[in-house]
Amino acid sequence: MIMLISARLSRLALLAVVFAVSLAGPASAHESLMVEHAFARASATPAAKAGAAYFTIVNHGHTDQLLGVRADGVAKKAILHESVTVDGIAKMEHRHNVSIPMHGTVVFKPGGLHVMLMGLQAPLKEGDTFPLTLAFEKAGDVDVQVHVGGIAADGADHSNHGDHGEHSGHGTTD
Ligand SMILES: [Cu+2]
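Residue numbering for the sequence shown follows the numbering used here, beginning at 124 and increasing consecutively.
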């Protein structure tokens, strides 16, 4: 009987340890949130002062929030924007934050959520990369390298090859 009780106690202790380890996980929350396929479109003219960056946030962990973005050395300001159509009129809305659902994926893409780069230090050139820092509420800062594609890049692989025609169907308004 005493043996049985102590066996149960040690099993409880083991469970407590497992539970404590699984709670001690801000580091693993950081790794479980990934930013993939970061891209931007090349500036259409050398005088361009604004640009946009896009990426896919893949969250393998708990709910988080994207609170802001920094593009130090690239643009004076980087803002979270969303292109929306209200009563048939396309416009861009400032987003103060973007919710990242648990085990969810949030796609920033032309015509939807994007990072607006205001006051570009230099026009974005196809083939270049630049750093972008995404600030998440729980995961903290996540640095990504943004690949600059053509002026109509949509993030798919085919847009990175220059030699099979223009994708003239894409708008460049955002
Ligand atoms: Cu915008």
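All C-beta atoms in this analysis are idealised placements derived from N, C-alpha and C, irrespective of residue type, glycine included.
How about residue i and residue j: do their beta carbons lie closer than 9 Å?
i: T179; j: V230; result: yes
i: V247; j: A165; result: It is worth fixing the name first, because residue 247 is Leu in this sequence and not Val. Contact: yes.
i: V238; j: L190; result: no
Could you name the residues of the same chain whose beta carbon sits closer than 7 Å to that of residue i, not counting the 5 residues immediately before and after it, in chain order?
i: G278; result: H160, F162, Y177 and K232
i: Q268; result: A161, T252 and P254
i: K199; result: M241 and G242
Report the option in the options whose CA atom is closest to the CA atom of residue i.
i: E205; options: G196, M215 and K199; result: M215
i: G109; options: A262, L257 and H270; result: Any answer about residue 109 is impossible in this case: the structure gives the chain only from 124 up to 297.
i: P224; options: V238, V181, T256 and G191; result: V181
i: P254; options: L190, A201 and A173; result: A201
i: V197; options: A173, V209 and G227; result: A173
Distance, Cα to Cα, residue i vs residue j?
i: G235; j: I212; result: 14 Å
i: V158; j: R193; result: 15 Å
i: H217; j: A175; result: 13 Å
Take residue i and list the residues in its own chain whose beta-carbon comes closer than 6 Å to its own, dropping the five residues that flank it on each side.
i: Q188; result: N220, S222 and E260
i: S155; result: H183 and G184
i: P169; result: P246
i: V265; result: V158 and L257
Return the chain-ordered list of same chain residues with a C-beta closer than 8 Å to the C-beta of residue i, the five sequence neighbours on each side being excluded.
i: A171; result: L243, P246 and L247
Where does residue i fall in DSSP's three states?
i: I274; result: coil
i: E159; result: strand
i: V144; result: Residue placement at V144 cannot be trusted, given a pLDDT of 47 that sits under 50; what the coordinates show is reported in the next sentence. Correct three-state label for V144: helix.
i: G263; result: strand
Under 8 Å from any heavy atom of ligand 2, does the C-beta of residue i make it?
i: M225; result: The model depicted lacks ligand 2 and carries ligand 1 instead.
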